Amino acid sequence: MTTRSVTITDNATGKSVECPVHEGNYGAPVIDLKNVYKELGMFTLDIGYASTAACRSAITYLDGEEGVLMHRGYPIEQLAEKSTFLEVAYLLINGDLPNQKQFDDWVHVIKMHGMTHEHLSRFYQGYRYDAHPMSVLAGVVAAVASYYHDTTDIYNPNDRRLTAQRVIAKMPNLVSKIYRYGSGLPFVYPDNSRGFVENFMYMMFSWPTEPFVANPVAVRALELLFILHADHEQNASTSTVRLAGSAESNPYACISAGVATLWGKAHGGANEAVIQMLQEIEKPRNIRKFVDRAKDKNDNVRLMGFGHRVYKNYDPRAKIIRKACHDLLDEMHLNQPMFEIAMELERIALEDDYFISRKLYPNVDFYSGLIYQALNIPTNMFTPMFALARSAGWIAQWMEMLSDDDFRIGRPRQLYIGAKQRDYVAINSR
Ligand code: CMC
Numbered sequence: 001m002t003t004r005s006v007t008i009t010d011n012a013t014g015k016s017v018e019c020p021v022h023e024g025n026y027g028a029p030v031i032d033l034k035n036v037y038k039e040l041g042m043f044t045l046d047i048g049y050a051s052t053a054a055c056r057s058a059i060t061y062l063d064g065e066e067g068v069l070m071h072r073g074y075p076i077e078q079l080a081e082k083s084t085f086l087e088v089a090y091l092l093i094n095g096d097l098p099n100q101k102q103f104d105d106w107v108h109v110i111k112m113h114g115m116t117h118e119h120l121s122r123f124y125q126g127y128r129y130d131a132h133p134m135s136v137l138a139g140v141v142a143a144v145a146s147y148y149h150d151t152t153d154i155y156n157p158n159d160r161r162l163t164a165q166r167v168i169a170k171m172p173n174l175v176s177k178i179y180r181y182g183s184g185l186p187f188v189y190p191d192n193s194r195g196f197v198e199n200f201m202y203m204m205f206s207w208p209t210e211p212f213v214a215n216p217v218a219v220r221a222l223e224l225l226f227i228l229h230a231d232h233e234q235n236a237s238t239s240t241v242r243l244a245g246s247a248e249s250n251p252y253a254c255i256s257a258g259v260a261t262l263w264g265k266a267h268g269g270a271n272e273a274v275i276q277m278l279q280e281i282e283k284p285r286n287i288r289k290f291v292d293r294a295k296d297k298n299d300n301v302r303l304m305g306f307g308h309r310v311y312k313n314y315d316p317r318a319k320i321i322r323k324a325c326h327d328l329l330d331e332m333h334l335n336q337p338m339f340e341i342a343m344e345l346e347r348i349a350l351e352d353d354y355f356i357s358r359k360l361y362p363n364v365d366f367y368s369g370l371i372y373q374a375l376n377i378p379t380n381m382f383t384p385m386f387a388l389a390r391s392a393g394w395i396a397q398w399m400e401m402l403s404d405d406d407f408r409i410g411r412p413r414q415l416y417i418g419a420k421q422r423d424y425v426a427i428n429s430r
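Numbered by the numbering used here, the letters in the sequence shown go through residues 1 to 430 in order.
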């Protein structure tokens, strides 16, 4: 119940509006601005949504000052240690952890939806063999819409549930085919005797002429990355999925819009950019020079994998991944000089006043690429892997939005700063 309010007064006219303040279970309270335009004739401006809550959500909570992340109330550290990606996906979508029977049914149903229509395989042939995998992924995910458009009623909860199952089940298949096509390898059908992550590795890496045995250490490392990437509140790609979905668009097209947004290097594309940065640094002795460039406002270099709009503390996912990366390299007896460079870069940056004063810490992408690399996943496939995992969060957020009683199309306003009205002048008189 709202008991608090904030009064906004226009000093020029003396008009006021009383705005209710809503308290969530955690986090900053929010000022409800819906009456501001009606009472004051003004919009609010918040470029980059730095202080604007665009929705109510019960899925994920993060506290950027304290470095806390929880899904449905469960701390990410516990989920990372004890859960699986499919269980986390169930949790995001259904709100609670499943009992054994619910989980078995869920795993079964995900397996049953793992295939894609045979025609869909031909979509890949339309791309250049060296197309960036995120461009292919945006295309093939949108193409899935063409198989289920007329049969999906987004206002029917059962159809929404079925869509969520299909999205989660088909993403490994769709992603693995991008890699196979680019490498000139035949597509591989899912093998339902394998677990979700192992099956993905099988579709990615198996050779038609050889039996495929997944390395359990690699399976667990990938499972961990999928858990850590499954959802992250109202980030750019999730907000895109919600906005596209608010127009009642086909859900697969909405997920494709999320893929397009995730691609950017300020967002999910950072995992690829981190590896490129570490390659450019090449040797520990070049680190300081690179850090100086990242601090120089006249140079457009940034420390990739550093900084976050919300976290003003160590990203809790980065902490987990850093340790996992260390353990994985140890267990696989891999000597990865890039990991040494990354750790030294982190040390130098965290002692530097520029990064300290701006509260810039390593984020989830700083170490994730090193794990993907240790698992022989090509650099340009890192962001599709992120998308595979994040699709669970995207679809859970899409479902939540559609079941909200206040659901309506998203339609931001603007401050117009363009030309005033003027008359058209014929081209020969301009
Ligand atoms: N290297 C150097 N300076 C930085 C960095 C960085 N990585 N990030 C922010 N800054 C500086 C920025 O120049 C600004 O300085 P000043 O106040 O002097 O102008 C200050 O820190 C605040 O930065 P901002 O750009 O206002 O912050 P933002 O919240 O708009 O941007 C960000 C957040 C993640 C886009 C940004 O930190 C960044 O570009 N990081 C590198 C890319 C990256 O790692 N992205 C992955 C994000 S986490 C995973 C995901 O979202 O998918």
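In this text, a Cβ means the ideal position worked out from N, Cα and C, and glycines have one as well. Quick caveat: nothing in here was measured; it's all calculated off a predicted structure.
Q: Output yes or no for whether 9 angstroms exceeds the beta carbon distance between lysine 312 and tyrosine 354.
A: In the sequence shown, counting from the first residue as 1, residue 312 sits at position 312. In the sequence shown, counting from the first residue as 1, residue 354 sits at position 354. The answer is no: Cβ separation not under 9 angstroms.
Q. Does at least one heavy atom of ligand 1 sit under 8 angstroms from the Cβ of aspartate 365?
A. Translated into the one-based positions of the sequence shown, residue 365 becomes position 365. Result yes, Cβ under 8 angstroms from ligand 1.
Q.
Count Cβ pairs between the region 289–299 and the region 321–337 that sit closer than 8 angstroms; are there 3 or more?
A. Contact between the region 289–299 and the region 321–337 is absent: fewer than three C-beta pairs spanning the two stretches fall below 8 angstroms.
Q) Can you tell me the Cα-Cα spacing of glutamate 18 and threonine 261, whole angstroms? A) The count along the sequence shown starts at 1 and reaches residue 18 at position 18. The count along the sequence shown starts at 1 and reaches residue 261 at position 261. C-alpha separation (whole angstroms): 36 angstroms.
Q. For phenylalanine 386, is the beta carbon positioned less than 8 angstroms from some heavy atom of ligand 1?
A. Numbered from 1 along the sequence shown, position 386 holds the residue referred to as residue 386. Yes - ligand 1 has a heavy atom lying nearer than 8 angstroms to the Cβ of phenylalanine 386.
Q: Output the distance between the C-alpha atoms of phenylalanine 196 and lysine 15, rounded to the nearest integer angstrom.
A: Here residue 196 refers to the residue found at position 196 of the sequence shown. Here residue 15 refers to the residue found at position 15 of the sequence shown. Taking the straight line joining both Cα atoms gives about 59 angstroms.
Q) If you count every other CB in all the chains shown that lies within 10 Å of the CB of glutamine 397, and 16 or more means buried, which is it? A) As a position in the sequence shown, residue 397 is number 397, starting the count at 1. Buried, because 16 or more other Cβ atoms sit within 10 Å of the Cβ of glutamine 397.
(Q) My assumption, with CB atoms under 8 angstroms, is that leucine 334 sits in contact with arginine 160. Please give the rounded CB distance. (A) One-based indexing of the sequence shown puts residue 334 at position 334. One-based indexing of the sequence shown puts residue 160 at position 160. So it is not a contact: roughly 43 angstroms between Cβ atoms.
Q.
Along the chain, where does the beta strand (DSSP E) containing leucine 45 start, and where does it finish?
A. By 1-based counting over the sequence shown, the position of residue 45 is 45. Note, leucine 45: premise wrong, no beta strand (DSSP E); not H, not E.
Q) In the structure shown, what three-state DSSP assignment does cysteine 55 receive? A) Translated into positions along the sequence shown, residue 55 becomes position 55. In the structure shown, cysteine 55 sits in coil (DSSP, three-state: anything other than H, G, I, E or B).
Q.
Does the distance between the C-beta of phenylalanine 306 and the nearest non-hydrogen atom of ligand 1 fall short of 8 angstroms?
A. Mapped onto the sequence shown, residue 306 falls at position 306. At a threshold of 8 angstroms, phenylalanine 306 counts as near ligand 1, since its beta carbon sits closer than that to one of the ligand's heavy atoms.
**Q.** leucine 303: CB within 8 angstroms of a non-hydrogen atom of ligand 1
**A.** Translated into positions along the sequence shown, residue 303 becomes position 303. Set against 8 angstroms, the gap from the CB of leucine 303 to the closest heavy atom of ligand 1 is smaller.
Q) Excluding five sequence neighbours on each side, which residues of the same chain lie with their C-beta closer than 7 angstroms to the C-beta of valine 310? A) For the purposes of this step, residue 310 is taken as residue 310 along the sequence shown, with counting starting at 1. So the list reads Leu62, Gly64, once near-sequence residues are dropped.
Q) Under 8 angstroms from any heavy atom of ligand 1, does the C-beta of leucine 497 make it? A) The structure shown has nothing for residue 497, since the chain only spans 1 to 430.
Q. DSSP state of isoleucine 154, grouped into three classes?
A. Counting from 1 along the sequence shown, the entry for residue 154 is found at position 154. Isoleucine 154: coil per DSSP, three-state reduction.
Q) Could you give the uninterrupted runs of the alpha helix (DSSP H) lying entirely in the region 245–322, keeping only those of 4 residues or more? A) Listed in chain order, the complete alpha helix (DSSP H) runs (minimum 4 residues) inside the region 245–322 are 251–262, 270–281, 287–295.
**Q.** Validate contact between the region 404–424 and the region 263–282 using beta carbons, cut 8 angstroms, 3 pairs
**A.** Taking 8 angstroms as the limit for Cβ pairs, the verdict is that the region 263–282 does not touch the region 404–424.
Q.
I'd like the span of the alpha helix (DSSP H) that includes proline 384, first residue to last.
A. Here the question's residue 384 lines up with position 384 in the sequence shown. Run containing proline 384: 382–402, per the alpha helix (DSSP H) assignment.
(Q) Helix, strand or coil for leucine 329? Go by DSSP, reduced to three states. (A) Residue mapping note: residue 329 aligns to position 329 of the sequence shown, counting from 1. Three-state result, leucine 329: helix.
Q) Cβ of isoleucine 395 less than 9 angstroms from any chain D Cβ? A) Any reference to chain D falls outside this structure, which holds one protein chain only.
(Q) Using CA atoms only, rank isn't needed, just tell me which of Ile47, Ile409, Thr3, Gly73 is closest to tyrosine 26. (A) What you label residue 26 is simply residue 26 of the sequence shown in a count that begins at 1. Distances from the CA of tyrosine 26 to each of Ile47, Ile409, Thr3, Gly73 were compared; the closest alpha carbon is that of Gly73.
Q: Taking 9 angstroms as the cut-off, decide whether the C-beta atoms of aspartate 257 and valine 274 are in contact.
A: The residue given as residue 257 occupies position 257 in the sequence shown. The residue given as residue 274 occupies position 274 in the sequence shown. As written in the sequence, residue 257 is alanine, which differs from the aspartate given in the question. Result no, Cβ atoms of alanine 257 and valine 274 do not sit closer than 9 angstroms.
Q) Should valine 219 and leucine 174 be called a contact, given that it needs their Cβ atoms to be closer than 9 angstroms? A) By 1-based counting over the sequence shown, the position of residue 219 is 219. By 1-based counting over the sequence shown, the position of residue 174 is 174. For valine 219 and leucine 174, no; Cβs fall outside 9 angstroms.
Q.
Please identify the residue among Ala349, Val259, Glu331, Tyr367 whose C-alpha is closest to the C-alpha of methionine 338.
A. Mapped onto the sequence shown, residue 338 falls at position 338. Among Ala349, Val259, Glu331, Tyr367, the Cα nearest to that of methionine 338 belongs to Tyr367.
(Q) Quick check on this structure: which residue in Ala236, Met203, Phe407 has the alpha carbon closest to the alpha carbon of glycine 269? (A) Within the sequence shown, residue 269 is the residue found at index 269, counting from 1. Per the Cα distances, Ala236.
Q: In the DSSP assignment, find the beta strand (DSSP E) that holds leucine 69 and state where it starts and stops.
A: Along the sequence shown, read from residue 1 onward, the residue named residue 69 stands at position 69. Note, leucine 69: beta strand (DSSP E), 68–71.
Q: Name the residue from Arg128, Lys359, Gln234 whose alpha carbon lies nearest to the alpha carbon of alanine 50.
A: In the sequence shown, residue 50 corresponds to position 50, counting from 1. Just measuring C-alpha positions, the residue of Arg128, Lys359, Gln234 sitting nearest alanine 50 is Gln234.
Q: With a cut-off of 8 angstroms on the beta carbons, I'd call threonine 60 and histidine 232 a contact; round off their distance for me.
A: One-based indexing of the sequence shown puts residue 60 at position 60. One-based indexing of the sequence shown puts residue 232 at position 232. A Cβ-Cβ separation of about 7 angstroms places threonine 60 in contact with histidine 232 under the 8 angstroms criterion.
**Q.** Which of helix, strand or coil DSSP assigns to isoleucine 227
**A.** Counting from one through the sequence shown, the residue named residue 227 turns up at place 227. DSSP places isoleucine 227 in helix when its eight states are reduced to three.
Q) Going by the CB atoms, is the gap between proline 208 and valine 188 shorter than 9 angstroms? A) Mapped onto the sequence shown, residue 188 falls at position 188. Mapped onto the sequence shown, residue 208 falls at position 208. In terms of Cβ geometry, valine 188 and proline 208 form a close pair [threshold 9 angstroms].
(Q) Pull the bridge partners of arginine 4 from the DSSP assignment, please. (A) Translated into the one-based positions of the sequence shown, residue 4 becomes position 4. Note: arginine 4 sits in a beta bridge opposite Val21.
(Q) Taking the straight line between their C-alpha atoms, what separation do you get for tyrosine 181 and isoleucine 371? (A) Taking the first residue of the sequence shown as position 1, residue 181 is located at position 181. Taking the first residue of the sequence shown as position 1, residue 371 is located at position 371. Distance from the CA atom of tyrosine 181 to the CA atom of isoleucine 371, rounded to whole angstroms, is 23 angstroms.
Q. According to DSSP, is isoleucine 31 helix, strand or coil?
A. In the sequence shown, counting from the first residue as 1, residue 31 sits at position 31. If DSSP states are grouped into helix, strand and coil, isoleucine 31 belongs with the strands.
Q: With a 10 Å radius around its C-beta and 16 neighbouring C-beta atoms as the bar for buried, classify valine 21 as buried or exposed.
A: Here the question's residue 21 lines up with position 21 in the sequence shown. Exposed, by the Cβ-count rule.
Q | Distance CB(histidine 132)-CB(glutamine 165) smaller than 9 angstroms | A | Counting from one through the sequence shown, the residue named residue 132 turns up at place 132. Counting from one through the sequence shown, the residue named residue 165 turns up at place 165. Taking a C-beta distance under 9 angstroms as the contact criterion, histidine 132 and glutamine 165 do not qualify as a contact pair.
Q.
Considering Cα atoms alone, identify which of Thr3, Asp10, Ile76, Leu97 is closest to isoleucine 31.
A. Here residue 31 corresponds to residue number 31 of the sequence shown, with the count starting at 1. Check the Cα spacing between isoleucine 31 and each of Thr3, Asp10, Ile76, Leu97: the tightest is with Thr3.
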